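Trainee: Quick mapping for you: the protein sequence lines, in order, are chains A and B. Take any residue in the first sequence, note its place counting from 1, add 4, and you have its number in this note's numbering. Residue 11 in this note's numbering is what sits at position 20 of the second sequence, and the numbering runs on without skipping anything. Ideal placement from N, C-alpha and C gives every residue a C-beta, glycine not left out. As the structure is a computational prediction, the values presented were derived from the model and not from experiment.
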Amino acid sequence: MGEVKLLGTWPSPYLYRVIWALKLKGIPYEYIEQDLYNKSPLLLQSNPVHKKIPVLIHGGNPIAESVIILQYIEDKWPQNPLLPSDPYEKAVARFWVKFADEKGLSISKVFRSSGEEQEKALKESLEMLEIIEEHAPGLGQKKFFGGDKIGMVDLTLGLLAHWMGVIEEVTGVKIKEAGKFPRLEAWIKNFKEDPVIKENLPELKDMLPAMKRRRETVLASK
Amino acid sequence: MAEEVLLFGAWASPYSHRVEMALKLKGVEYKYVEEDLANKSPSLLKYNPIHKKVPVLVHNGNPIVESQVILEYINETWPGYPLLPKDPYERAIARFWAKFIDDKCLLAIFKASWGEEKEREKAAEEVPEFLNHLENELKEKRFFGGESIGMVDIVANFISFWVGAFEEAFGSELLTREKFPKLTNWTHQFVNNTVVKESLPPRDKLVAYLRNRFGGRNVSK
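(1) What are the boundary residues of the alpha helix (DSSP H) that B/A156 is part of?
(2) In angstroms, rounded to a whole number, what distance separates the CA positions of A/K196 and B/F157?
(3) Mind pulling the alpha helix (DSSP H) runs of 4 or more residues that sit fully within the segment 52 to 111 of chain B?
(4) Taking its Cβ as the centre, do 16 or more other Cβ atoms sit within 10 Å of A/K202, making it buried, or is it exposed?
(5) For the beta strand (DSSP E) containing A/P199, name the first residue and the last one.
(6) Would you call A/P199 buried or exposed, if buried means 16 or more other Cβ atoms sit within 10 Å of its Cβ?
(7) In the structure shown, what three-state DSSP assignment does B/I41 receive?
(8) Determine which residues share a DSSP beta bridge with A/I61 and list them.
(9) Taking a contact to mean a Cβ-Cβ separation below 9 Å, would you say A/Q75 touches B/R82 in this structure?
(10) Do you know how far the Cα of B/W2 is from the Cα of A/W167?
(11) Under DSSP, the alpha helix (DSSP H) around B/H50 begins and ends at which residues?
(12) When the Cα atoms are used, what is the spatial distance from B/K188 to B/R194?
(13) For A/F148, decide whether its Cβ has a neighbour in chain B, counting only Cβ atoms nearer than 9 Å.
(14) Using a Cβ cut-off of 9 Å, pull out every chain B residue sitting near A/K9, in sequence order please.
(15) List the residues of chain B that A/N65 touches, going by C-beta distances under 8 Å, in chain order.
(16) For A/V222, count the other beta carbons within 10 Å of its own beta carbon; 16 or more makes it buried, fewer makes it exposed. Which is it?
(17) Using a Cβ-Cβ cut-off of 9 Å, state whether A/H166 counts as contacting chain B.
(18) Against chain B, with Cβ distances strictly below 9 Å, would A/V53 count as a contact?
(19) Can you give me the C-alpha to C-alpha distance between A/L10 and B/S190, rounded to a whole angstrom?
(20) Quick one: what's B/E25 bridged to in DSSP?
(21) On a CA-only basis, which of A/L163, A/G176, A/L60 is nearest A/G6? Give me that one, please.
(22) Rounding to the nearest angstrom, what Cα-Cα distance links B/G18 and B/Q180 in this structure?
(23) Using only the alpha-carbon positions, how far apart do B/R111 and B/F149 sit?
(24) With 9 Å as the threshold, decide whether the Cβ of B/F(-1) is near any Cβ in chain A.
(25) Could one say the Cβ of B/P5 lies closer than 9 Å to chain A's Cβ atoms, at least one of them?
(26) For A/K107, which of helix, strand or coil comes out of DSSP?
Following this line, the structure appears as structure tokens:
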């Protein structure tokens, strides 16, 4: 079927979405770390439009954008499905994948900004959490958004489970007040305890200094 | 049991129009409900409590929202006319361009038309860059979908018709034949397609609406 290569930058949550999908489906791949400040010819060739990671290259064919990659993986390797088979339930899942992917950008923005811009991003992030807490189907009743097993919505929301805490620590800004989002918190606990996810999370002790440095670089370049 | 398909839409909305086109291409019978976006119906708020927007497709009482999610749903639910390629890789490419159009192109076009000054300048530089990517992607194909209209063409409906209306309403120049000959050709092919033509809003009415709604360039949204 062709070899699978994954271009990424540690510890990007977008990269990890793809890693989790590949691991959950048992797909072997070669990981190639990218330097975003000195982009490789392979990256520029594989993602000429956005020049970003992650990029999946399967049998020489590149696919960019994490949610598009997830959908490709799902289409190509049907074992351990990440989406429901019922078209309506699938549409509901796709809605939440889109929601998580778009609104999750606000949390990234909290990390990459300060002052008024950060305040605005914080407000948007809070709105996102509130909507998920109130509206996400199955949250609180089922183990994951996907039901008993992890699905694409869970993977797309992985940012909340692991990166959000680090972002809070690095920026000194609280995004999610403890106790205010019980259903979401229950999901976070379940997500992080899943054996595949647990084995494939970037180490906090390494993330903290790396993300501190990244934030300094980003703020300095503004 | 009879099947019930409802579409909540707004005549000037390109997103709403996408869904109409898809339903028509598939030959699905549906009931259209026009929404007054300044005075949203209880049904709309019930079916789309999170975003409170059109389009909303309600199939046998089940609501689906977000135009691209709806298009995927329509493609999977009703056989016949394929909106997406069967091959997973080609499908991924189609989804990539559909996402690019919504996330990048449309956003930049909106900002270039009525954003705040700094935003507008930046967006005005981005728009030709983005359109160029689409120009290159078209290559020698009649449509983005190949010989026939596919999901990318449907999502690009904004570029084929609304951009022209924007240009007229705001005196801007976004899509020129000189710079984008393939895209311009595609525009003609697309708007002249029978199914598409049937569902497009009247151009004059759209221009007047855009002028009215989004006013002069200095009005912030």
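Mentor: Let's see:
(1) 154 to 161
(2) 48 Å
(3) 58 to 68, 79 to 91, 98 to 105
(4) exposed
(5) Where A/P199 is concerned, there is no enclosing beta strand (DSSP E), although the alpha helix (DSSP H) it sits in stretches over 199 to 203.
(6) exposed
(7) coil
(8) A/K9, A/P66
(9) yes
(10) 42 Å
(11) First-last for B/H50: 47 to 50, but that is the beta strand (DSSP E), not the alpha helix (DSSP H).
(12) 11 Å
(13) no
(14) By Cβ distance, chain B contributes nothing, its closest Cβ being about 15 Å from A/K9, past 9 Å.
(15) Y80
(16) exposed
(17) no
(18) yes
(19) 42 Å
(20) B/G0
(21) A/L60
(22) 21 Å
(23) 19 Å
(24) no
(25) no
(26) helix
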